[in-house]
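Worksheet: one structure, shown below.
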Amino acid sequence: MAYRLAAKRPQLMEDFDEPELAQLGATYAPPLAAWPSRRATVPAPPAPAPWQQRRQQQPPRRPVPDVMEILGGLGDGLTASDCEDEAVHHGSEADDEEGAASGELGEGEDDEEAGRKGSQRSGSGAGSDREAGSGACSGSEEEDGGALEDVDLDEMVEADFGLDRSSVLARIEGFISDAVAAVAHGQLPELQLVSTAAGNTHMVADGGGGGGDGGGDAGFDEDLGPAGSDSRGAAAPAQPSAVDYMRLEDEGDEDGGGGSGEEGADGRQQRERRRRRRRAHGASGRLRLGSLTQVKSITHGQGRQAHGVARVFQILAVVHELLRSGRQATQRDIYYKLLGPPLFPSATAVSGAIQDVVALLRVPRSALGIACSPRGAVAGRVALRDGPGGAWVDCGALGMAGHAIPGELAAVERLSFRVSARYILVVEKDCIFQRLTEDRLHERLPIVLVTAKGQPDLATRAFLSRREGLMAAAAPSLPILGLVDWNPSGACILATYKFGNARMGLEGTRYAVPRLQWLGVRGGMLDGVPRSAFHALTGRDTALLGGLRRRLAGHTGWLAELDDMEERGLKCDIEALYTVGGFEGLHRQLVRRILQQQYV
DNA sequence: GCCACCCCAAAGAGGCTTAT
DNA sequence: ATAAGCCTCTTTGGGGTGGC
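Residue numbering for the first sequence follows UniProt numbering, starting at 1 and increasing by one per position.
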């Protein structure tokens, strides 16, 4: 059937009958013609965000002092009792106004409490604070980024993505008040940051929470624990690899998709058993951070962290002002606002300080009023709507540039999706994305095309993710395929989509796409490509390959591609496929490999 | 030995400036 | 007018250094 589909060109979704789609596990969406409009429409102005609505309904807040005003007051006449009053007031305000939010802090509260105790030990240093953190990671041996660990998910930490702006303001003001009180008592303020060190990063089971992925928990193979009777059991390591879990999860998704409707009490018990088993045994390919904290203070490291601490207070001041005024700013805006030595000599200093603020407050940057410049794009068999009152935009009827993915995470989370595709294709480069959309690949195959134009930004990853994005809206079993250059950087980009990134802290580990598979370019697609289309691997490429091998331990299909690159000592771009059959050659290869399921 | 910090190089497309 | 070069913007990973 696969080839018959390929031969029927152009092939519209309406041409498929429902049983045919069901057989392949695809979700049948209404034909595009039945949607409100087949044409591209200009989205209506977004409805006020929830926090804006609440802000309009709330009585005016008590005027709060500017962060830098508070800090500036340290040296002129602010007494210890003033500071205590300030601290008590903000504490009670947070309790009164944000009771619900405070109640949701959960493990974060515990950590903050532990953090305060750590601070009271004054200058205990990172080492002792590691001990003060949870014991979840004690004794854990992070052999490589892809290895499983036997960790308790309850000890994992995530940013609080549910806070509104007033709650974030209360957190900032509470932190500043505590810092001022500490200074008034002759102590230096310390920053308790969620650690992004290797010892605090874990590949864990994705509990399926958040998105509409009903199959997330279903179908995990009962026989495949460490003592499983699977054919791999005899030679399997003590713990299955992350890849095994990802594969099982995928199989489970497919299994769970069909039977979830008739699930009774037994089914629920089975699911709970599976959930517990997964909790006990580890990972499905999503990075998470543990609750270990890193302490930054002005005096640690003989003052080496002083700039970092000062940068955090500067960013807090900017964020506080943004939130009070109800505005947003891009990271670059903030850089230009703060630009200049010694604190902010470069854009990376701003980025690092923002990550520290995220780790300190445990809220995403979207809740801080910080957005990114839009970069990603989407095209093909999906319609988008920005909020309940917006108009549907048919991404299959747009030009070759597709539809821009908003850079603001809150805007991504507002999107509604109507998916009529059977595949999602993530493309590394915009030029290839445009080539495929101009050639109407989505009319030949029911497919959604997504690109982040290089290294994926958070917004594009969120757009894809199973929590708020395309994966949640699409069928759980929909294949998500990656098309990147055949070089170590391309593999890095795929790995970032698939596993997330610990260096970005609480946000970087949230928007993983564990089911992503490597469609191309792969070594097997390069037959007939002339030698001139290849380039020699550089020293940096070799170093990247080493790092990738550690991250991808156990992922044999991807490792084989890395081996192939290293053995040949060569790399090439996607465009190299043009040398065999031109644009149509690339097109044909992709269609054939997708339909023949030649991806790993 | 582990960790954090800092610097560097790189990915990608688009925009701007300068040279031919 | 066109091409080349540089900068923007966000994110990534590697490696060196020094503190704990």
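Just so you know, even glycine gets a beta-carbon here, dropped at the ideal spot from N, CA and C.
Just so it is clear, the structure is predicted and the values come from calculations on it, not from any experiment.
message: Just to check my reading of the structure: residue 172 and residue 361 have Cβ atoms closer than 8 Å, yes? What is that Cβ distance to the nearest angstrom?
response: The residue given as residue 172 occupies position 172 in the first sequence. The residue given as residue 361 occupies position 361 in the first sequence. Indeed, because the Cβ distance is near 7 Å, the residues count as touching under 8 Å.
query: Can you tell me the Cα-Cα spacing of residue 316 and residue 343, whole angstroms?
result: The residue you call residue 316 lines up with position 316 of the first sequence. The residue you call residue 343 lines up with position 343 of the first sequence. Those two C-alpha atoms are separated by around 14 Å.
message: Given this structure, state the Cα-to-Cα distance separating residue 514 from residue 461, to the nearest angstrom.
response: Position 514 of the first sequence, counted from the first residue, corresponds to residue 514. Position 461 of the first sequence, counted from the first residue, corresponds to residue 461. Each residue's alpha carbon lies about 11 Å from the other.
- prompt: Excluding the five sequence neighbours on either side, which residues of its own chain have a C-beta within less than 6 Å of the C-beta of residue 232, listed in chain order?
  reply: Position 232 of the first sequence holds residue 232. Unreliable placement is indicated for residue 232, whose pLDDT of 28 sits below 50; no coordinate value is reported for it.
- prompt: Which residue's Cα is closest to the Cα of residue 500: 492, 491, 511, 490?
  reply: Counting from one through the first sequence, the residue named residue 500 turns up at place 500. The shortest Cα separation from residue 500 among 492, 491, 511, 490 belongs to 511.
- request: Go ahead and label residue 185 buried or exposed: buried means 16 or more other beta carbons lie within 10 angstroms of its beta carbon, across all protein chains shown.
  value: Stepping through the first sequence from its first residue, residue 185 is reached at position 185. Around the Cβ of residue 185, a 10 Å sphere holds fewer than 16 other Cβ atoms; the residue is exposed.
- request: Output the boundary residues of the alpha helix (DSSP H) element that contains residue 173.
  value: Along the first sequence, read from residue 1 onward, the residue named residue 173 stands at position 173. Start and end: 165-184.
- request: Kindly indicate which residue of 458, 481, 309 has the alpha-carbon position closest to the one of residue 597.
  value: For the purposes of this step, residue 597 is taken as residue 597 along the first sequence, with counting starting at 1. For the residues 458, 481, 309, the minimum Cα distance to residue 597 belongs to 481.
task: Assess, as a yes-or-no matter, whether the region 387-395 is touched by the region 420-430 under the definition of 3 or more beta carbon pairs within less than 8 Å.
output: no
task: Report the three-state DSSP secondary structure of residue 428 (helix, strand or coil).
output: In the first sequence, residue 428 corresponds to position 428, counting from 1. The answer is coil: DSSP assigns residue 428 none of H, G, I, E or B.
message: Using the three-state DSSP reduction, which class does residue 482 fall into: helix, strand or coil?
response: Indexing the first sequence from 1 puts residue 482 at position 482. Three-state DSSP puts residue 482 in a strand.
task: Would you check if the region 538-548 and the region 564-577 touch, i.e. whether three or more CB-CB distances between them fall below 8 Å?
output: yes
message: Helix, strand or coil, according to DSSP, for residue 316 in the structure here?
response: Start at 1 with the first residue of the first sequence, and residue 316 comes out as number 316. Residue 316: helix per DSSP, three-state reduction.
- prompt: Hey, how far is the Cα of residue 368 from the Cα of residue 332?
  reply: As a first step, residue 368 must be located in the first sequence, where it is residue number 368. As a first step, residue 332 must be located in the first sequence, where it is residue number 332. Cα to Cα, the separation comes out at about 14 Å.
message: So, for residue 592: in the same chain, excluding its five sequence neighbours on each side, which residues have a beta-carbon less than 6 Å away from its beta-carbon?
response: Sequence index remark: in the first sequence, residue 592 carries index 592 (1-based). Cβ within range, chain order: n/a, list empty.
query: Helix, strand or coil: which one does DSSP assign to residue 561?
result: Here residue 561 is taken as the residue at index 561 of the first sequence, counted from 1. Of the three classes helix, strand and coil, the one that applies to residue 561 here is helix, per DSSP.
field: Sequence-distant residues of its chain with Cβ nearer than 7 Å to residue 495 (five each side left out)
entry: Your numbering for residue 495 matches position 495 in the first sequence. So the qualifying residues of the chain are 548, 551, 552.
task: Output the boundary residues of the alpha helix (DSSP H) element that contains residue 293.
output: Taking the first residue of the first sequence as position 1, residue 293 is located at position 293. Taken as a continuous stretch (DSSP letters only), residue 293 belongs to no alpha helix (DSSP H), being part of the beta strand (DSSP E) at 293-297.
message: Could you pull the DSSP bridge partners for residue 370 from this structure?
response: As a position in the first sequence, residue 370 is number 370, starting the count at 1. In the DSSP output, where bridge partners are listed per residue, residue 370 has 329.
message: Looking only at its chain, what residues have a beta carbon closer than 6 Å to the beta carbon of residue 557, apart from the 5 residues adjacent to it on each side?
response: What you label residue 557 is simply residue 557 of the first sequence in a count that begins at 1. Here the set comprises 600.
- request: Determine the burial state of residue 337: buried for a count of at least 16 other Cβ atoms within 10 Å of its Cβ, exposed for fewer.
  value: Indexing the first sequence from 1 puts residue 337 at position 337. With fewer than 16 other Cβ atoms within 10 Å, it is exposed.
query: What separation, rounded to the nearest whole angstrom, lies between the Cα atoms of residue 506 and residue 321?
result: In the first sequence, residue 506 corresponds to position 506, counting from 1. In the first sequence, residue 321 corresponds to position 321, counting from 1. Going by the C-alpha atoms only, they are around 23 Å apart.
query: Going by C-alpha distance, which of 296, 181, 522 is nearest residue 192?
result: Here the question's residue 192 lines up with position 192 in the first sequence. Selected option, being the one with the closest Cα: 296.
message: By the DSSP assignment, the alpha helix (DSSP H) with residue 493 in it spans what residues?
response: Residue 493 sits at position 493 when you count from the first residue of the first sequence. 488-499 is the span of the alpha helix (DSSP H), which, as asked, contains residue 493.
task: Classify residue 451 as helix, strand or coil using the three-state DSSP reduction.
output: Residue mapping note: residue 451 aligns to position 451 of the first sequence, counting from 1. Residue 451: strand per DSSP, three-state reduction.
- prompt: In whole angstroms, what separates the C-alpha of residue 319 from that of residue 358?
  reply: Along the first sequence, read from residue 1 onward, the residue named residue 319 stands at position 319. Along the first sequence, read from residue 1 onward, the residue named residue 358 stands at position 358. Residue 319 and residue 358: Cα-Cα distance of roughly 11 Å.
query: According to the neighbour-count rule (16 or more other Cβ atoms, all chains shown, within 10 Å of its Cβ), is residue 584 buried or exposed?
result: Residue mapping note: residue 584 aligns to position 584 of the first sequence, counting from 1. With fewer than 16 other Cβ atoms within 10 Å, it is exposed.
Residue 479 versus residue 560 - alpha carbon distance: Start at 1 with the first residue of the first sequence, and residue 479 comes out as number 479. Start at 1 with the first residue of the first sequence, and residue 560 comes out as number 560. Approximately 21 Å between the Cα atoms of the pair.
query: With distances taken between CB atoms, is the gap from residue 433 to residue 451 smaller than 7 Å?
result: For the purposes of this step, residue 433 is taken as the residue at position 433 of the first sequence. For the purposes of this step, residue 451 is taken as the residue at position 451 of the first sequence. Their beta carbons are under 7 Å apart, which means residue 433 touches residue 451 by this criterion.
- request: Output yes or no for whether 7 Å exceeds the beta carbon distance between residue 449 and residue 380.
  value: The count along the first sequence starts at 1 and reaches residue 449 at position 449. The count along the first sequence starts at 1 and reaches residue 380 at position 380. Closer than 7 Å, so yes.
message: I need the boundaries of the beta strand (DSSP E) containing residue 380, first residue and last residue.
response: For the purposes of this step, residue 380 is taken as the residue at position 380 of the first sequence. Unbroken beta strand (DSSP E) run through residue 380: 377-380.
- prompt: Should residue 524 go down as buried or exposed, given a rule of 16 or more other Cβ atoms within 10 Å for buried?
  reply: Here the question's residue 524 lines up with position 524 in the first sequence. It is exposed - the Cβ of residue 524 has fewer than 16 other Cβ atoms within 10 Å.
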